[in-house]
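Right, one structure below, let's go through it.
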Amino acid sequence: MVKIDFTDEYKQLLWQIPLFRDLDVNVKHRLMDELEFTLYKVSRKEVVLQQDTRCNHLYVLLKGELEVNIIDVAGNLVKVEEIIAPRAFATPHLFGENNILPATFTVSKDSILLMATRTSVFKLISSVPQLLHSFLCVTGNCNKCTVTRLRILSYKNLRSRFVYYLMEHRTSAGIALLEHNQVQLADYLGVTRPALSKEINKMIKEGLISVDKREVTLLNMQGLKEYI
Numbered sequence: 001m002v003k004i005d006f007t008d009e010y011k012q013l014l015w016q017i018p019l020f021r022d023l024d025v026n027v028k029h030r031l032m033d034e035l036e037f038t039l040y041k042v043s044r045k046e047v048v049l050q051q052d053t054r055c056n057h058l059y060v061l062l063k064g065e066l067e068v069n070i071i072d073v074a075g076n077l078v079k080v081e082e083i084i085a086p087r088a089f090a091t092p093h094l095f096g097e098n099n100i101l102p103a104t105f106t107v108s109k110d111s112i113l114l115m116a117t118r119t120s121v122f123k124l125i126s127s128v129p130q131l132l133h134s135f136l137c138v139t140g141n142c143n144k145c146t147v148t149r150l151r152i153l154s155y156k157n158l159r160s161r162f163v164y165y166l167m168e169h170r171t172s173a174g175i176a177l178l179e180h181n182q183v184q185l186a187d188y189l190g191v192t193r194p195a196l197s198k199e200i201n202k203m204i205k206e207g208l209i210s211v212d213k214r215e216v217t218l219l220n221m222q223g224l225k226e227y228i
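All the letters of the sequence shown, read from the start, carry residue numbers 1 to 228 under UniProt numbering.
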């Protein structure tokens, strides 16, 4: 990582992230005065944050892309998500009692990264209610996504991962709506598309589910719950 100057271009990108986007002008001015941060240019394939290390900064990706991976219970490297700029990341771990990062963040496209000290962020959100509200909203949304994905990947077998996904995407007692197509879903579950397709067909034949495009009917709820 190489330190670079914070220009007006990067300032405008900073105001685009959900954490700061809707702040009043006077709050933005205060941020520029009181937030202690450093800007870096980061090359592709560089590791920004390592799994099982502490989160000591607010991290904002202003340009570029990051790949988020974890080592699962079986020791496999599993892709969790792609982070596309501009966006803050790892925010749920900044002030947690256990601020250990559950994943590794690696640059997949040359990037610009802003790192703000935890102390200066804490002082600002403690004294600016609008910023505190924004931080809690962003953290809550990130935390829900992270917890769901990590819980899915904690299961060793494909069927358990898929059943948990279905339970998390229920729109009613017996219906689940798939957010992903089969290629995307296989990537999300950390498996191959042919393996996922084969497993879905097996579950249909066993009378556990029926599938109509992206709508899945949960035919045997008790049977499905045995896998999670």
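Virtual Cβ for every residue (Gly too), placed ideally from N, Cα, C. Only a predicted model underlies this, so the values are computations on that prediction, with no experimental measurement involved.
Assigned with DSSP and collapsed to three states, residue 26 falls in helix. Using a Cβ-Cβ distance cut-off of 8 Å, the region 118 to 137 and the region 61 to 72 are not in contact, since fewer than three pairs of beta carbons, one from each stretch, lie closer than that value.
If you look at residue 89, you'll find it isn't in any alpha helix (DSSP H); it sits in the beta strand (DSSP E) that goes 87 to 89. The three-state reading of DSSP puts residue 140 in helix, counting H, G and I together. Counting C-beta atoms within 10 angstroms of its own C-beta, residue 96 has fewer than 16 neighbours from the protein chains shown and is therefore classed as exposed. For residue 84, the enclosing beta strand (DSSP E) covers residues 77 to 84. When beta bridges are read from the DSSP output, residue 191 appears opposite no residue. Considering only 61, 57 and 83, the residue with the shortest C-alpha distance to residue 69 is 83. Counting every other CB atom within 10 Å of its CB across the protein chains shown gives residue 177 a total below 16, marking it as exposed. With contacts defined by Cβ atoms closer than 8 Å, residue 61 and residue 87 form a contacting pair. Beta bridge pairing from DSSP links residue 57 with 117. The Cβ atoms of residue 3 and residue 38 lie closer than 8 Å to each other.
Residue 170: member of the beta strand (DSSP E) spanning 170 to 172, first to last residue. Annotation for residue 46: 1, 106 and 107 place their beta carbon closer than 8 Å to its own, counting only its chain and skipping 5 residues before and after. Residue 113 holds the alpha-carbon nearest to the alpha-carbon of residue 7 among 113, 190 and 214. Checking the DSSP bridge columns, you'll see residue 218 partnered with 209.
The region 170 to 188 makes contact with the region 215 to 226: 3 or more CB pairs, one atom from each, lie closer than 8 Å. For residue 3, the enclosing beta strand (DSSP E) covers residues 2 to 4. Its Cα nearest to that of residue 103, the residue 150 stands out among 30, 150, 200 and 94. In the three-state reduction of the DSSP assignment, residue 155 falls in the coil class. Taking the Cα of residue 209 as reference, the smallest distance to any Cα among 183, 163, 189 and 194 is reached at 163.
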